[in-house]
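Chains A, B and C are the protein sequences, given in the same order.
FYI, this note's numbering numbers position 306 of the first sequence as 306, with every residue one higher than the one before it.
In this note's numbering, each residue carries its 1-based index in the second sequence increased by 1000.
In this note's numbering, each residue carries its 1-based index in the third sequence increased by 2000.
Reading through the structure tokens given below for one structure.
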Amino acid sequence: MYRKIVTSGMIALSIAATGCGQSAAPSPSSNPAPSTASSGSGAPVKLEFLQNKPEVVGEWNHLIAVFEKRNPGITVQQINPPNTDTVLQADVAKGQVPDVIAMGADATYIAMAKNGIFKSLSGSSELSKVSSAYTKMLEDEVGKTTPYALPYTVNAVPVIYNVTLFKKYHLTVPTTWNQFMAEANRVKRAGGTPFYNGFKDAWTLAVSWNPLAANEEGSKFFANLKAGKASFAKDLPKAAARMQQFVSLGQPNQFGVDYNDANTAFANGKSVFYVQGIWTLPVIRQANPHITLSTFVFPATNRPAQTKMVSGVDSLLAIANSGNAAKEKAAMKFIDFLLERPNASAYASIAGLFSTVKGVQPTDIAIKPLQPWIDKGRVVDFPDHYYPPAMAAGNQYESILQGALSKKASPQSLLQQLDNLYQQSASHQ
Amino acid sequence: MVRVMRSLPYTIMTLPAVVLFFYFHTLPALQGMFYSFTNWNGFGPVNFIGLKNYIGLFQDPQVLHSYAFTFEFAIVTTILVNILSLMIALALNSRIKFSKTFKAIYFLPYVLSTLIVGFIFNYIFSNVIPQVAQQLHIIALTQNILGTGFAWVGIVIVAAWQGAAFNTILYLAGLQTIPEDVYEASSIDGASPWINFWQITFPLIAPFFTINMVLAAKTYLQVFDQIVALTNGGPGEATQSVTFVIYTNGLGGGEFAYQSANSVVYLIVLVTVALIQIRILQRREMQF
Amino acid sequence: MVRTKYNWLATVFLIVGAVFILFPMYMTIMVAIKSPFELAQSLLGIPARIFWSNFTQAISITHYGQTFGNSFFITFFAVVLTILTNSMVAYAIARNMHSWIFKGMYYYFFSAMFVPFPIIMLPLVRQMSAIGLADSIGLIILYVVYGLSFNVFVYIGYLRSIPLELEEAAWVDGAGRWTIFWRIIFPLLGPMNATVGILTALWAWNDFLLPLVMLSDPNQYTLPLVQYAFQSQYSTNYNLAFASYLMALLPMVVVYVVFQRWIINGVTKGAIK
């Protein structure tokens, strides 16, 4: 699929409080795992579990098998539809939303959460098990103070590099944009390729756009944009210029190579750096198990003390607002199981992500350099999560980046197009 | 008199079909039209907003561009496919060796899933052609055509590769309705093959020409699968067709109502095109 | 006389075209039967031995047996019901084109071909699930009903060429309209039934969007749906992906090879009358 992992592969298992209204969920975690002996009282419950990451189907099946063994009264059916957005829209239209959902915090999730498709989780004890910063991030995206989902894993946008090549060109980890560009130019002068890009898939342009925009726009940008006091053209000239500078250092056919082929090319040593989310690491290793990888934070500015790392919820967990108490209770049990440290750790390392569950450390040495940034909270969410849905979804603004940069349009014209798109999108919501 | 008695079974034959068709097709379409006057996003509240969506469409550069692209693509592909399939059908209908094998080969692409064909060609454009071009030092072809300003050419190639099959089979059926003695009569007159074609063959297969033009135009005006599999609308918005915009923005982009309005406009455009085509082409056609 | 000799110009033209058509097929097979290592060595060469594990892996990952069964079930019933019902509707309309009601029906069905699918998609899904038909059975119904648009158009084109005298004679002999249709007309429609059957089969078998939105139960997924998922799940292994594509394409190719002659012969026979 084309948008696949994108800026936001998140899993939304929104948790259901047992009754409708408010209420602290009488959380099943209070009665400890009813191990094999106590087979469920009453009829068996069947849960539909929708998740949107095709590359981790196997790991989910494994987790589900363990869960079912421990909870004989509950069966979980994994659904990994080819196109989650469409399927969820159709499910909502049918009134058959899957009981537990693991998805990205994308425009579809935001729209669904706003419209009461998911259970409110306020007051549930599970909230205390996960990072509150990311729980708040989800609330901000939806624009409400109610948690409709638990963050399960989070991603980050670093610069991934091939350690062998990095050493070959005698590079050091850059902390400013100028250093970064200087190193890339050094690689180029020495006859190498600094960046390999898969820009045939428009969404891959968002990966570098997000840190550049997030570090320049400031926290009031969206409020000002809405009020007509800010614009892309006025506030983001550097981001656009740097985007162009970055693209000028990519391989010659970068707009004709897709995400998958770019992963494979980078895995096979075609470039030193690769600007992609950490979700790409397992895929790169799948293409070349022998590669040594490391990462550093995307140095979006020339003020290292102020640079923030873009990091968002990759998989959120949400529970459907079904009104069926037995199902909601079982769904909660499943979520409790997923939040157990060994399970959370196993899933996060297979998916190549950070877990939000407290006390779980990443096992992948390649992403260790990013851990302090998360611990210190020097992170900022993907700004495109705050674009109007019609601008963020369906590759809208990414297509504008792709079109303008492939045609070598001026940074001002690129920003002007983004402003026009914003006006259009905001007007017909 | 007799007509009334005769028409009862006819009514029974058709009435259920009309009812079912209305229920499963027209009714949802009418609902879609209703939503085009609202701001519904697929779920959530429905507010009536009058013609706002329709007015917005005509000021939306993305939508206007998609109409321009779709028409250019459809015209080029319809003409190309009809020329190719008529040539193939004429060749297949002439006296050749292995004619059955050729027929089998030429119809083959039609039985394949468009989506999978798109995946296969995507691999050819992205990997095979650039790799071969590099070895042969043909610089112009080392770029993936789908990532350049000529991406539409790639889509035309795939659409024609697969689409020519069906039109060929219809033309072939048309050519086989022409009795041999018509040609024999004109051969005696000493007419050239070129004159034979325009004076005898073409008028006789004119009904098939009409069907082919209408169907090809209809198919290519709604181009979707090839775009999803090949370019996903890129680079930029270069190859976004109208159907692609309606689908992606309407379902993924939270613009369901707005894109429903786009569908209604598009429906009017499609029907108008078809009616014009039938009118013009039928005028030239021989009567049954 | 020109037509007694073989037409070499046409033959050469057809050979060039055939190469163009067969190349992607050849490449698909070559990629599907190689290991990734061999693919890196040579893109188009024939491998020393066939790398069967691409296929066995693809079969187990896509649950090929069950998925194939789902596609077959939907396609089979869509074809049979389409032929039986659509030909009848077309017949009734064709014999009454002088009446504005039937002429109206003709244009009603025909014009529906131009309704873009997305406009009906969400309302349709909602409606189908309200009556409990958001499943394979519902899909079959939709194929049969939506097929009317095109099939009526095609059948009527053909029905016009069947002489009315045949029916008039039967009518005079006292046969009813139903008998006339099933005993006389339906058999005469053989060639068109074959064409409609094949086209319906191809549509139902290869369709992607309708099953995607209609089927909620993954156990009912059809072959193209699974290919789409598979394509993204194993995106870096082209060999595995192509093996899976090949297996999804193959059943239809086999059916086509069997039925292709019948179609051409049928059309020809019908034309001779």
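Glycine included, C-beta positions come from ideal geometry on N, C-alpha and C.
Excluding sequence positions up to five before and after Phe-1125 of chain B, its CB lies within less than 7 Å of the CB of Asn-1144, Ile-1145, Leu-1146 and Gly-1154, all in the same chain and listed in chain order. Fully enclosed alpha helix (DSSP H) runs of no fewer than 4 residues occupy 132 to 142 of the segment 111 to 149 of chain A, in order along the chain. For Lys-46 of chain A, DSSP records a beta bridge to A:Thr-75. If the five residues before and after Phe-2109 of chain C are omitted, its C-beta is found closer than 6 Å to the C-beta atoms of Leu-2148, Ser-2149 and Val-2152, all from its own chain and listed in chain order. Using beta-carbon distances, Ala-2032 of chain C does not count as an interface residue toward chain A, since no partner is under 9 Å. Under the Cβ criterion of 9 Å, Asn-80 of chain A is counted among the residues facing chain C. Judged by DSSP in its simplified three-state form, Pro-151 of chain A adopts strand. Per DSSP, Phe-2150 of chain C lies in no beta strand (DSSP E); the unbroken alpha helix (DSSP H) holding it starts and ends at 2136 to 2159.
If you check the CB distance, Ile-278 of chain A and Thr-295 of chain A come in under 9 Å.
Out of C:Phe-2242, C:Val-2012, C:Thr-2195 and C:Asn-2070, the CA that lies nearest to the CA of Tyr-1110 of chain B is found in C:Thr-2195. By the neighbour-count criterion, in which 16 or more other beta carbons inside 10 Å mark a residue as buried, Ile-2093 of chain C falls on the buried side. For Leu-1112 of chain B, the three-state secondary structure derived from DSSP is coil. According to the DSSP assignment, Met-2030 of chain C belongs to the alpha helix (DSSP H) that extends over 2008 to 2032.
Closer than 7 Å at the C-beta level to chain A, one finds these residues of the segment 2216 to 2231 of chain C: Ser-2216, Pro-2218, Leu-2225, Tyr-2228 and Ala-2229.
Per DSSP, the beta-bridge partners of Gly-250 of chain A are A:Phe-195. When only Cα atoms are considered, Pro-2224 of chain C and Pro-2211 of chain C end up about 9 Å apart. Val-45 of chain A places its beta carbon less than 9 Å from that of Thr-75 of chain A. By the CB criterion at 9 Å, Thr-2222 of chain C and Asn-2070 of chain C fall inside the cutoff. Buried is the label assigned to Leu-150 of chain A, since at least 16 other Cβ atoms lie within 10 Å of its Cβ. For Ala-2078 of chain C and Val-2144 of chain C, the gap between their C-alpha atoms comes out near 6 Å. Leaving aside the five residues that flank Met-1087 of chain B on each side, none in its chain has a CB nearer than 6 Å to its CB. For the segment 94 to 118 of chain A, residues whose beta-carbon sits nearer than 8 Å to a beta-carbon of chain C comprise Lys-94, Gly-95 and Gln-96. One finds Pro-2118 in chain C with Cβ atoms closer than 7 Å to the Cβ of Tyr-1247 of chain B, taken in chain order. Within chain A, Gly-403 have C-beta atoms less than 8 Å from the C-beta of Ala-1238 of chain B, given in sequence order. Trp-1161 of chain B is positioned such that its CB atom lies closer than 9 Å to that of Val-1117 of chain B. Counting along the chain, no alpha helix (DSSP H) covers Ile-278 of chain A, and no H or E run does either. One finds nothing in chain C with a Cβ atom closer than 7 Å to the Cβ of Val-1063 of chain B; even the nearest lies about 13 Å away.
With fewer than 16 other beta carbons inside 10 angstroms of its own, Lys-167 of chain A counts as exposed. Under a 10 Å Cβ-count criterion, Ile-160 of chain A is classified as buried, with 16 or more other Cβ atoms of the shown protein chains found around its own Cβ. Using a Cβ-Cβ cut-off of 9 Å, Phe-382 of chain A is close to nothing in chain B; its nearest Cβ partner there is about 17 Å away.
Residue contact with chain C for Asp-1181 of chain B: absent (no Cβ-Cβ distance below 9 Å to any residue of chain C). At a C-beta separation below 8 Å, Ser-1241 of chain B has no neighbours in chain A, since its nearest C-beta there lies roughly 13 Å away.
Within 7 Å of the CB of Ile-319 of chain A, no CB atom of chain B is found; the nearest one sits about 17 Å away. Taking C-alpha positions only, Gly-312 of chain A is separated from Thr-1078 of chain B by approximately 46 Å. Under the DSSP assignment, Ile-335 of chain A falls in the alpha helix (DSSP H) whose first and last residues are 325 to 339.
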